[in-house]
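Here the working numbering runs 49 ahead of the position in the sequence shown, where the first position is 1.
Heads up, the thing below is written out as structure tokens.
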Amino acid sequence: MPLCPLRQILDEARKGAYGVGAYNVNNMEQIQAIMQAARDTASPLIIQASRGALQYTNFTYLKHLMMAAVEDNPDLPIALHLDHGPDLDLCKRAIEIGFTSVMIDGSIDYDTETPDGKHPPRSLQDNIRVTREVVDYAHSRGVSVEGELGTLGGIEEDTKTDHVLLTDPDEVQQFCEHTGVDALALAIGTSHGAYKFKHEPTLAMELISECRRRVPETALVMHGSSSVPKELVDEINKYGGNMPGAMGVPIPAIQEGIRRGIQKVNVDTDGRLVVTGTVRRVFAEKPGEFDPRKYLGPAREALAKLIASKMRDFGTAGHASDYQPKTLDEMKAFYAGQG
Ligand code: G3H
Ligand code: 13P
Ligand code: ZN
50 MPLCPLRQIL
60 DEARKGAYGV
70 GAYNVNNMEQ
80 IQAIMQAARD
90 TASPLIIQAS
100 RGALQYTNFT
110 YLKHLMMAAV
120 EDNPDLPIAL
130 HLDHGPDLDL
140 CKRAIEIGFT
150 SVMIDGSIDY
160 DTETPDGKHP
170 PRSLQDNIRV
180 TREVVDYAHS
190 RGVSVEGELG
200 TLGGIEEDTK
210 TDHVLLTDPD
220 EVQQFCEHTG
230 VDALALAIGT
240 SHGAYKFKHE
250 PTLAMELISE
260 CRRRVPETAL
270 VMHGSSSVPK
280 ELVDEINKYG
290 GNMPGAMGVP
300 IPAIQEGIRR
310 GIQKVNVDTD
320 GRLVVTGTVR
330 RVFAEKPGEF
340 DPRKYLGPAR
350 EALAKLIASK
360 MRDFGTAGHA
370 SDYQPKTLDE
380 MKAFYAGQG
């Protein structure tokens, strides 16, 4: 079975009222762990790679690792998605190596840099223009596209704004109609990384419901959705780490987001935490260990368990065989028919 278009996975999730995690990867062990979790829970899945992940894996390694994942798991619908694509060029390169979906992060102008090294947010019209270019290119090849309205914290903290700009629901319909995106990332008060909040989080949940009403056919995406579980941070700190004040989005808040209309739930940080904590524990318990398999193996196992629990919590579990993945050619015909 080839890689599946993101659009189909998210359409099915919308029909079935469940969420699908989109898990970031940079290496073989992370890919294997996520595949294991999907097999254990019979889940469709989205694997995503950032620009940094593509650079780290020199593009080619990521491509072939994903081909191995597909070969090893012929019965699972798997979408391969570019996370936070900065421009058309990187989206094109990702599509060339087989990605079935790309995100164009048109909310930020990565081409412009202020003297303090920050990037300004783009106007709505400019965001529509760059996103539309990517949609035209991708859809003519059957590839799905995610756009973004508003800004998050974390990796987008290098934007010029000092505060997070929540998505304006009045812009959502215009953006989706003019760009034709399959999925829209909403800024609802989350941020990337392990330090999302100083106190209990308040997220703009009503904004999700409002956007769902305005664009009933577009998949909605929640970035910055790691929960930063206390036990994972405690394990890191117990074995020599130093992560005071780390805090994430509680699982019940993500579940509420899914009930209100989120389909795609982006998770990277929690995977990093569990790998780091496990490696630290092995090193602390066995200071003489120097075989990478002896610490990367347990890290891979712990990551698989964590992702499997998210697949159950987001409602993805059990949906792997609900449908037959479409080909990119079928999607190409679908988009062409949309006019
Ligand atoms: O949204 C960002 C992801 O966590 C990817 O992070 O750019 O460090 O790979 P990265
Ligand atoms: P976290 O940092 O909360 O895992 O968010 C990841 C993300 O949004 C990737 O696009
Ligand atoms: Zn993100």
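Cβ coordinates follow ideal geometry from the N, Cα and C atoms, glycine included.
Remember, it's a predicted structure, so these values are computed and weren't measured experimentally.
- For GLY310, the CB stays at least 6 Å from every heavy atom of the ligand 13P.
- GLU338 sits in coil when the DSSP states are folded into three classes, being neither helix nor strand.
- Around the beta carbon of PRO265, a 10 Å sphere encloses fewer than 16 other beta carbons of the protein chains shown; the residue is thus reported as exposed.
- Not one heavy atom of the ligand ZN is found less than 6 Å from the C-beta of HIS130.
- Assignment of LEU137 by DSSP, reduced to helix, strand and coil, places it in the helix class.
- Annotation note: the segment 214-264 contains the following uninterrupted beta strand (DSSP E) runs of length 3 or greater, listed N- to C-terminal: 232-235.
- A check of alpha carbon separations from GLY306 across ASP89, ALA236, GLY386 and TYR186 identifies ALA236 as the nearest.
- Boundaries for LEU94: no alpha helix (DSSP H) harbours it, while the beta strand (DSSP E) harbouring it runs 94-99, taken from the DSSP string.
- Segment contact: the segment 153-166 against the segment 284-294, fewer than three CB-CB distances shorter than 8 Å; contact not assigned.
- Fewer than three Cβ pairs drawn from the segment 330-344 and the segment 352-369 lie within less than 8 Å of each other, which leaves the two stretches out of contact.
- Residue side-chain check: GLY199 keeps its Cβ at 6 Å or more from all non-hydrogen atoms of the ligand 13P.
- If you ignore the 5 residues before and after ASP89, its C-beta comes within less than 6 Å of the C-beta of ALA357, all in its own chain and listed in chain order.
- Cβ contact annotation for ASP158 (same chain, cutoff 8 Å, sequence separation greater than five): HIS168, PRO169, PRO170, ARG171 and ASP175, in chain order.
- Scanning the segment 129-189 from its first residue to its last, the whole beta strand (DSSP E) runs of 3-plus residues come out as 150-153.
- THR163 sits exposed, since fewer than 16 C-beta atoms from the chains shown fall within 10 Å of its C-beta.
- In this structure, the ligand 13P has a non-hydrogen atom nearer than 6 Å to the beta-carbon of ASN315.
- Taken atom to atom, the span from the alpha-carbon of ILE83 to that of LEU131 is near 17 Å.
- If the five residues before and after PHE363 are omitted, its C-beta is found closer than 8 Å to the C-beta atoms of TYR67, GLY68, VAL69, GLY70, ILE303, GLN304, ILE307 and VAL314, all from its own chain and listed in chain order.
- Counting every other CB atom within 10 Å of its CB across the protein chains shown gives LYS279 a total below 16, marking it as exposed.
- Residue environment: SER189 is assigned as exposed (fewer than 16 neighbouring CB atoms within 10 Å of its CB, all protein chains considered).
- Excluding residues up to 5 positions away in sequence, VAL151, TYR186, ALA187, ARG190 and VAL192 lie with their Cβ nearer than 8 Å to the Cβ of ILE144 in the same chain.
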